[in-house]
Structure formats: C-alpha cells, structure tokens
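There are 2 protein chains.
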Amino acid sequence: MTTSPTLANTREELSALLAPARRDGKRIGFVPTMGALHEGHASLMREAAQHADMVVVSIFVNPMQFAPTEDLDRYPRTLSEDLELCGANGVAVVFAPAVEVMYAGGFSHDSVRDGVTVHPGRLATILDGESRPGHFDGVLTVVAKLFGLVQPDVAVFGQKDYQQLALIRAMVRDLCLPVEIVGAETMREADGLAMSSRNRYLDPAQRTAAAVLNRALHAARERASYGVPSARWAAMNVLKSEPLIELDYLALTSVDLGEAPTSGEGRILVAARLGSTRLIDNMPIHFSTPPERSS
Amino acid sequence: MTTSPTLANTREELSALLAPARRDGKRIGFVPTMGALHEGHASLMREAAQHADMVVVSIFVNPMQFAPTEDLDRYPRTLSEDLELCGANGVAVVFAPAVEVMYAGGFSHDSVRDGVTVHPGRLATILDGESRPGHFDGVLTVVAKLFGLVQPDVAVFGQKDYQQLALIRAMVRDLCLPVEIVGAETMREADGLAMSSRNRYLDPAQRTAAAVLNRALHAARERASYGVPSARWAAMNVLKSEPLIELDYLALTSVDLGEAPTSGEGRILVAARLGSTRLIDNMPIHFSTPPERSS
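Respectively, the protein sequence lines represent chains A and B.
Just so you know, we're using our numbering here: the first sequence kicks off at 158 and counts up by one.
Just so you know, we're using our numbering here: the second sequence kicks off at 158 and counts up by one.
What follows is the structure, given as structure tokens:
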C-alpha cells in the first residue's frame, strides 16, 4: 500500500490528526525515529501495522541524547525521502516537530536538566551508557514525551538498539506507561552489517571492514557451546583481524543485560568505532557449560 | 450524592472498572491521596467532579516519598472512614493498591532507584526538597505511575502542597503527559490551620500552637505593601512568639517559587516542626515596592 502520509509539525496538528482515530477506538501504532530512514525502519513500520489500525512515525533528531562532542550536527536529515519511505509502508501520520516543539523555549542540556526528566537508573550505566553518559536520559525522556503526545497503544523499537529497547521496556514497566512495546528483528545488509543511519558515514574501506562486527558475533555463537570464555575468545579473534576497527566493548550477557548465564539464552553485544563513526550490533546467543575435560 | 464507591485493589480491577467509561468517552477526574482523608481531600473530590464525568481517588501511602527516618510506619491508615468520605463526595472508584501492586517485587529505595524513575530537577532542590532529599523523586514517580494506571483527563491537587503542585505541573509540561492539572484552594480549620492528615499527630498544646503558621502568613500579607523584607519581618515576629514552633523555612518567592518580585503577585511559604510533626502552609501574597522615605 502506497499512500502519502499526513505530515504534522506541531502538537496541535498531531492532536487534531489523531483525535478522530482515538474517538473511534482505533489502535494506534507508533514508530519513533530520528529520520534518515532505511529498510530497518520500514520493517518497524510494517511490524507496527500488524499490531494497530493506524501507524504514526515520528522523525526527530533529539538533541538531548547527543553529548556536545557527538554527531548531532552532522546527523543525516533526509525528510522528503523519509516521507516517501513512510508512504510506501502504509504510515498514516508523520510527526516531524522542530526542536522548539519538543523543548519549549529551545534546547540546552542545562535547561532541560533543570526541569523534569526521566532517570534511567542502573541499566543505563553499562555498555552504551558507559561510553555515552547521559545518552539514555535523553532517549527515555524524549520517548516519554513522544508517548505523551502520540498516546500510542503499541510502539515498535528495533532490537538493533538492544539496550535502548531494554530501557524502554523498563520505563514502561516502572512508570506504568499504558503502551505495549514490541521489539523487532534487526535488518541487515547482504554482508550481515546491521542497517543503521550511521552506515552512510562510512567510506568504502570502512564499509567493508564494518561487516566484521557481525562476523564476530556469529563466531561467538558458534563457540557458545564451549562456554562464555570460549565464545568471547572467538569473537575477539575475529575483531582483532580488522585493523580499521577500534573496539568499544564486546559484552556477553543474560537476555536482560545482567551476567551471562553458564548455560541457556543470553545476548552478545558489540560496539566499535570506524574512524569517527560508532556502530553497534547484537544477537541472541545460547550458552552451554563446556564438557568436562578428561585429563 | 452519597453512593458507595467501588474499590479496586489491583491494576486489573482498576482497568476493568475504567474501561467502559473510557470507551464511552467519559472524562475521568483523578485525586491521588495517601488516605487519612479529611475535608481538604473532600474539596479536591468535589473540584474533580466539576471537571469530569467520573471521579477516581487513589489511596496509597507511597514509601518512595518517605526517607527512612520519616513517618511512613506511623502515617495514619483509615481505609473504612476514607471510603465513606469518598462515597459522600460522589467518588465512583477508589484505587487502594498494596505496595507490591505499585512496586512489583516489593519496595526498597535501592531497588526502585536501580530502575527507571522521574527526576524532578532543580525545583526539587529547594524548600521541602532541601529538608526532605529524594521526597519529590518519590512523589513524581508515583504520580507518573498512577497517571499511567488511571489515565485521567484531569487531576486535582491541593495548593496546600504548593511546591508539589508546581513540580507536578512541571512534570506534565516537561514529559508532555496528557492530563490537565487543577490546583485547589487549601481548606482550613476555624483557627486558620491548614487541614492535613498529619494534624492528628498534634497534642492539644501543639494543636493550639500550630495556628501560628497561618497567623504568620497573614501578618506578612498585611506588611507586603512595604516590600519583601518588611513582610518577612512581620511573619518572623509572629513565628518567634510561639516557643513550640521550630522553624524549618519561611520563604517569600515568585508564584513559580523563584526570587520574590519587588512588586506584584508572589507566594509565601512556611514549614515548621511541632515536636516530631512537620507542618507546611502557604498563601498568595501581593508585594509592592515600599514608598520612598522623605528624610
């Protein structure tokens, strides 16, 4: 189904567009994005349509989740292509607010932190939270705001941002937000690279090298029946083979990002830099206790 | 109108009771309380009825807003009288959850702070927030949770807890919560003492002495046309006359709890202890610039 989505730039426009649907008891599905949309986002939109009568996509590059040193200014903005992709995937409404619409009086880290924000707690202090202090405060605060404005019945997030998904589930649970959260499978390029808006920063050599992240995760999975240390060793070996990669973290954890179990379902996550571009990826992994050696 | 409100103890019961009203597009008014209800709460319920088709009251003594040294354990619990007062004031539903219903797995300050909470920002660092660190984190977090569970169209809070009301308004603004906030006038005893569930802690001598708080605020208002310092001096003089009062703060501020204006509308707030009981009160105050002295 290809239709043109209706664009809302203000809260009032959004509200007016959604009021009739809400009145008619339609289920609203929501996909929050930062734009620069790709096939990964399209799959989230299609997933949302499976759970709802109408799909709303927000496009907002949220300054609160970028540290002053990060790529806020160069983050890609591609609104007209984004609207086309939304239309091709059955989205009814695109909410694309200016910064001043989301942060009354304009954004500064200081003024926002003077006000009321969402505090993400301990889960935001590890992995990406350790590398990007304050990042998840920004993510959860803006998602809470968007939930308040859209009031969706269901919202879809990619598993590619696995820690983000875990934190959004935690927010919904801990603040009793009336929205169902769906985590959707990561979409990948032919060589396994997880789709990301930041992939377009990569030069050709970096782009080729980037596929090593996914290969490292697969290598760990193949060794996971020998236990956590073997799985880690296998992934590290693959990562070390690529000189363009500067590893940020490789983490083997439980499904809820705690300590990896000696056996059973877990998660393996990686973050690395290629030049100034930071990429992340993750996968499920099934650990086993290694068989006892007969020596 | 006196009817028996329906009691909901679980999230599921609450949800089942509110679903038909929501489906029919009825406006839901909400009054969150900690129980030990008095005529002040009754006035909030009547105010809520003015703005809504049905009124929900929650009764929950929220452990997160009490410091370990505070009066959580001795805070009065009077559920059957509370239900009667709700019935006499037209309340349709009373939500009285156990601690485990609001805090899955039970409450501890550490476990809750490990999770996702509402961070109240700078406004929570002054006045009551300075005397009660963490208090407003607890208030805003539980109010956000209750808003998520009840999903009210409008919620009514007393002006007696003026800083709390200001922070709830800030939360609704900063997190875009889809609820209208109404602040209701403080109800007072015959001698001017602001009604409070904690008044029942007072022994007869303390109860008589407590009226000095209100007299001090009035004295300041009468002097406010001579400027902020004169108003403060007048209130302090009254407070000093009562030896049973141990002052926590006397604050003259703008209406949004910033610096007091030299002229125009402001607020005067007081907090004091009588024995181990901490009471607060506040009033609007109109400041003028004092006339120049001819010397």
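By construction, the Cβ of each residue, glycine as well, lies at the ideal position given by its N, Cα and C atoms.
Secondary structure of N439 (chain A) (DSSP, three-state): strand.
Counting the other Cβ atoms within 10 Å of the Cβ of R289 (chain B) gives 16 or more, which makes it buried. Sequence-distant Cβ neighbours of D285 (chain B) in its own chain, meaning closer than 6 angstroms and more than five residues away, are Q320.
Cβ proximity to chain B below 9 angstroms picks out L297, T298, A301, K302, L303, F304, G305, L306 and Q308 from the region 296-316 of chain A. When DSSP assignments are scanned along the region 317-361 of chain A, the uninterrupted stretches of beta strand (DSSP E) that are 3 or more residues long and fall wholly within it turn out to be 337-341. Every alpha helix (DSSP H) of 4 residues or more that sits fully in the region 161-197 of chain B is shown, in chain order, as 168-180. Interface annotation for the region 238-271 of chain A against chain B: R270 and D271, criterion Cβ-Cβ distance under 7 angstroms.
The beta carbon of Q222 (chain A) sits closer than 6 angstroms to the beta carbons of H292, G295 and V296 from its chain, once the five residues preceding and following it are set aside; these are given in chain order.
Of the candidates B:G262, B:A178, B:V188 and B:E422, B:V188 places its Cα closest to the Cα of N246 (chain B).
Across the set B:T298, B:A429 and B:T226, the C-alpha of B:A429 shows the shortest separation from the C-alpha of L359 (chain B). Residue contact with chain B for R279 (chain A): present (Cβ-Cβ distance below 8 angstroms to some residue of chain B).
Ranked by Cα distance from S445 (chain A), the options A:D438, A:N439 and A:L409 are led by A:L409.
One thing to note: V311 (chain A) has its Cβ within 8 angstroms of the Cβ of V336 (chain A). Contact between M211 (chain A) and K183 (chain A) is confirmed by a C-beta separation of about 6 angstroms, below the 8 angstroms threshold. For the region 409-428 of chain B, there are no residues whose beta carbon sits under 7 angstroms from a beta carbon of chain A.
Of all residues in the region 178-198 of chain B, only R180 and G182 come within less than 8 angstroms of chain A when Cβ atoms are compared, listed by chain position. With a minimum length of 3 residues, the unbroken runs of beta strand (DSSP E) contained wholly in the region 235-281 of chain A fall at 250-252 and 274-276. Nearest neighbour of L303 (chain B) by Cα position, chosen from A:H276, A:E170, A:R180 and A:C333, turns out to be A:C333. A distance of 8 angstroms or more separates the beta carbons of I185 (chain A) and A193 (chain A). Counting C-beta atoms within 10 angstroms of its own C-beta, Q207 (chain A) has fewer than 16 neighbours from the protein chains shown and is therefore classed as exposed. Considering only B:G197, B:Q308, B:P233 and B:E257, the residue with the shortest C-alpha distance to L174 (chain B) is B:Q308. Look at H276 (chain A): its C-beta is under 8 angstroms from a C-beta on chain B. Contact annotation: in the region 318-331 of chain B, residues whose CB is within less than 8 angstroms of a CB in chain A are L324, A327, M328, R330 and D331. Annotated three-state conformation of E399 (chain A) is coil, per DSSP. The beta-carbon separation of Y260 (chain B) and V273 (chain B), rounded to 12 angstroms, does not stay under the 8 angstroms limit for a contact. About 6 angstroms separates the CB atoms of V251 (chain A) and L240 (chain A); that is less than 8 angstroms, so the two are in contact. The beta carbon of S161 (chain B) is closer than 6 angstroms to those of G244 in its chain, skipping five residues each way along the sequence. Around V213 (chain A), no beta-carbon contact reaches into chain B at under 7 angstroms, the shortest distance being about 14 angstroms.
Near chain A, meaning a CB-to-CB distance below 7 angstroms, the residues of the region 334-356 of chain B are L334 and P335. Linking N356 (chain B) to R364 (chain B) through their CA atoms gives a straight-line distance of about 7 angstroms.
For A366 (chain A), same chain residues with a beta-carbon under 7 angstroms away, outside a window of 5 residues either side, are E399, L401, I402 and L431 in chain order.
The beta carbon of V385 (chain A) does not come within 8 angstroms of any beta carbon belonging to chain B, so the residue lies off that interface. The C-beta separation of A351 (chain A) from V313 (chain A) comes to about 17 angstroms, leaving the pair out of contact by the 8 angstroms criterion.
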